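Quick notes on the structure that follows.
Residue numbers (this note's numbering): 99 to 592.
Given below as structure tokens:
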């Protein structure tokens, strides 16, 4: 520790060149040395330090005048840092105003221990876990979530009003020893439940787990499988289970049996709509065969279900002879019906809807009916989506939107040999189409095509009558041989 300012180099007669400068520097330092020596004399002679304060300690460091030791009172030593009291040592206690930090320690040497018992104390594992050590071993620890003991916890006997094991903020609720081999549970200072070596007794209403039919919440000791008893089937509904299967259910409105049952609790006919009755197998065509249609009139069905359609059923789909009808009722005046054919002659499913009155039946398209004769009525397609036909050397395709294509192959057609300006042509050739096209400026058909064989012959087409196409062959050179011509006629059938 340096108590004095470092002295300069003393003057030396052996160095005449620096003697004067060294003498001046030494004489300049000497008064400060005398002052520092005078300040130190009280401590050297036993006069002692001044008391000082936290802001100006009696014993400080030269470069840090507000950090050091001072006397805050009789028989007390204060340690200040930055002009503030940080630690007080008195005859009775060690008091800190800042956190005290100890080493983490180990079980054998805890970070905080005792003078004559160095392997008993407290340590940290450095991961937010505080260990309590006795005899060099952890006996319990606190983490950020819980406390865990490695030894049995022994608590007082307690009483119902003052349980031995209780909770912060609720000191009259917890566990106590009611008598020998008898555990009492108290809430609000009164015993509510008692567990003995032979049985448990509740002194208040007792709640059990909800349970399931397989594992009821309330069962019996003699039931080996623990699958017969009572369970909470739903809110305000009590279920009774036997051998893991629900057999009965009690609700605020009555009792429901889960086994075979007859009587007024079940439907009295296959179309019984009485509220609250249980449905039997076969009702409304569920689980059995489809039911006959009331009055054999599809318009008269009023209950959701599956029904039989026969050739005598009124208001059935026109294209359906025998099948099944699914009716879905939605309110008093709305419903949907889907009809499923069941003979080889029927070609698809049908559906219709009701909004006060029934609408038309519409065919549902699938691979059975997408190809077929197309038709149009009342603003809707009424037949297939695609119609296809063939004749010798010709074929056609009709689409439900009105588009029609016809392809023809003409053989033995004369080649273009008649001069026509710089070209050669044929006469107009006509061909009768296998189907008719609609007439009119917007519906007239268009004739296109070409010759086979890689020639440079071009084709000029024009529509004729509704079932006639005309075309002329043109070429830059004369062709005397006959040609094979492919024609494509595009137009509309409606």
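For every residue, glycine included, the Cβ atom is placed at its ideal position computed from N, Cα and C. Computed from a predicted structure; not experimentally measured.
- Within the region 160-206, the complete beta strand (DSSP E) segments at least 3 residues long are 162-168, 174-179, 182-188 and 192-194, listed from N- to C-terminus.
- Beta-carbon to beta-carbon, residue 290 and residue 276 are separated by about 11 angstroms, too far to satisfy the 8 angstroms threshold.
- When the beta-carbon positions are compared, residue 543 and residue 590 come within less than 9 angstroms of each other.
- Between the alpha carbons of residue 263 and residue 205 lies a distance of about 29 angstroms.
- Under the three-pair Cβ rule at 8 angstroms, the region 412-421 counts as touching the region 439-448.
- Taking the Cα of residue 404 as reference, the smallest distance to any Cα among 381, 156 and 486 is reached at 381.
- Between the C-alpha atoms of residue 481 and residue 462 there is a straight-line separation of about 11 angstroms.
- According to DSSP, residue 469 shares a beta bridge with 484.
- By the Cβ neighbour-count rule, residue 366 is exposed, with fewer than 16 other Cβ atoms within 10 Å of its own.
- Within the same chain, and ignoring the five residues on either side of residue 299 in sequence, the residues whose Cβ sits closer than 6 angstroms to its Cβ are 292.
- Residue state for residue 217 is assigned as strand, using DSSP reduced to three classes.
- DSSP places residue 569 in the uninterrupted beta strand (DSSP E) bounded by 566-573.
- Excluding the 5 residues flanking it on each side, residue 391 has same chain C-beta neighbours closer than 8 angstroms at 398, 399, 405, 406, 407, 411 and 423, in chain order.
- The criterion of a C-beta distance shorter than 9 angstroms is satisfied by residue 545 and residue 586.
- Between the beta-carbon of residue 209 and that of residue 222 there is about 7 angstroms, and that keeps the pair under the 8 angstroms contact cut.
- As DSSP reads the structure, residue 518 sits in a beta bridge with 521.
- When C-alpha distances from residue 373 are compared across 184, 351 and 302, the shortest belongs to 351.
- An exposed status is given to residue 526, since fewer than 16 other beta-carbon atoms sit within 10 Å of its beta-carbon.
- Residue 152 counts as buried, since at least 16 other C-beta atoms from the protein chains shown sit within 10 angstroms of its C-beta.
- Annotation: residue 371 to residue 288 spans about 55 angstroms, alpha carbon to alpha carbon.
- For residue 528, the enclosing beta strand (DSSP E) stretches over residues 527-530.
- In this structure, the straight-line span from the alpha carbon of residue 479 to that of residue 472 is close to 7 angstroms.
- As the crow flies, the alpha-carbon of residue 260 is around 44 angstroms from that of residue 344.
- The beta carbons of residue 576 and residue 514 sit closer together than 9 angstroms.
- Secondary structure note for residue 452: its beta strand (DSSP E) is the uninterrupted segment 447-453.
- If you check the CB distance, residue 314 and residue 337 come in under 9 angstroms.
- Collapsing the DSSP output to three states places residue 134 in a helix.
- For residue 341, no beta strand (DSSP E) encloses it, and the DSSP letter there is neither H nor E.
- Excluding the 5 residues flanking it on each side, residue 443 has same chain C-beta neighbours closer than 8 angstroms at 419, in chain order.
- The shortest C-alpha to C-alpha distance from residue 574 to any of 174, 518 and 467 is the one to 518.
- In the displayed model, residue 147 falls within coil according to three-state DSSP, outside both helix and strand.
- DSSP lists 427 and 452 as the beta-bridge partner residues of residue 433.
- Per DSSP, the continuous beta strand (DSSP E) segment holding residue 547 begins and ends at 544-549.
- Where residue 259 is concerned, there is no enclosing beta strand (DSSP E), because DSSP gives it neither an H nor an E.
- Counting only the Cα atoms, residue 156 lies some 13 angstroms from residue 179.
- In the DSSP assignment, residue 494 falls within the beta strand (DSSP E) that extends over 492-497.
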